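One structure below.
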C-alpha cells in the first residue's frame, strides 16, 4: 500500500466592496383586496420616482417577493379569544443595486424618509465580481497546504514525493452585513440630510483544498 500524506488547508482573499445592495420592504393594509393592491402600487410608483430623482434607474430595482395575506384581529367574547377577518395585507419586497457610493446612499436615505410610505430597509456591501479574490484565496490555500506538508514531513523524517490527489473542499464568501432601518428610524432623518457614518471592512473569501502527497 502506497504511503500518502493528506493535508487540508484554507486560504483567504480580500476585496473592497464596490456595490451596495439595498433591500426594501413596503406594506399596506386595507379592508378591500383591490385597495390593498392599489395602495402598494401607488407607494411603488412614488418610490421609483424618488429613486429616479437621485439618479437610480428603474432597471436597478427588482421585485424579490410580492405577497397578499389575510389580516385578522383578535377579540374576546364571553371569556373566549376569537379572531375575525378585517382585511388584507400586501407586502412588496424589493432589491436595489447601486455602485459603492456613500453619498448616494445618504441621498437615498434622506429621500425615503420623506415619502411617507414607512419602508423597512437594510443594506449589504458586496462586490460585482469576486473572481480575483477567489483566485488569491486558492493560491494561498495551496501554498498553506504545501508549507504544512513540508513541516509534517520534516518533523516525522519522511520525504515528500509527488502530488497524487487534489480535492476542492469548499468556499466561503463573507459579505459585510449592512444596517437595518425601521420606519421610525427613517422618519428621524427627515429634518436633516445626513446618513450614519459607515466604516466598511473588506470582504473576505475563504477557499479550502485538500492535497495528498506520496511519501517515502
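Numbering (the numbering used here), first residue to last: 372 to 587.
All C-beta atoms in this analysis are idealised placements derived from N, C-alpha and C, irrespective of residue type, glycine included.
All figures in this text were calculated on a predicted structure; none of them were measured in a lab.
Taking 7 Å as the cut-off, decide whether the C-beta atoms of residue i and residue j are in contact.
i           : j           : result
residue 541 : residue 587 : no
residue 576 : residue 504 : yes
residue 509 : residue 582 : no
residue 457 : residue 432 : no
residue 482 : residue 421 : yes
residue 392 : residue 478 : no
residue 523 : residue 388 : no
residue 463 : residue 537 : no
residue 395 : residue 490 : yes
residue 454 : residue 441 : no
residue 461 : residue 399 : yes
Go ahead and label residue i buried or exposed: buried means 16 or more other beta carbons lie within 10 angstroms of its beta carbon, across all protein chains shown.
i           : result
residue 443 : exposed
residue 377 : exposed
residue 459 : buried
residue 403 : exposed
residue 526 : exposed
residue 407 : buried
residue 572 : exposed
residue 414 : buried
Need the endpoints of the alpha helix (DSSP H) that residue i sits in, please.
i           : result
residue 481 : 473 to 484
If you compare alpha carbons, which of the options is closest to residue i?
i           : options               : result
residue 544 : 386, 521 and 373      : 386
residue 580 : 525, 520 and 524      : 520
residue 578 : 390, 506, 529 and 486 : 506
residue 390 : 407, 475 and 485      : 475
residue 469 : 538, 493, 374 and 427 : 427
residue 487 : 411, 405 and 424      : 411
residue 465 : 405, 514, 528 and 430 : 430
residue 530 : 419, 471, 585 and 405 : 585
The beta strand (DSSP E) spanning residue i covers which residue range?
i           : result
residue 464 : 451 to 470
residue 417 : That residue, residue 417, is in no beta strand (DSSP E); its alpha helix (DSSP H) goes 404 to 424.
residue 580 : 574 to 586
residue 513 : Premise fails: residue 513 lies in the alpha helix (DSSP H), 502 to 527, not in any beta strand (DSSP E).
residue 400 : 390 to 401
residue 382 : 375 to 386
residue 439 : 432 to 448
residue 543 : 531 to 545
residue 492 : 491 to 497
contact_flag[the stretch 444 to 459, the stretch 378 to 396] where n(CB pairs < 8 Å) is 3 or more:
no
Does the stretch 433 to 448 touch the stretch 492 to 505, meaning 3 or more C-beta pairs lie closer than 8 Å?
no
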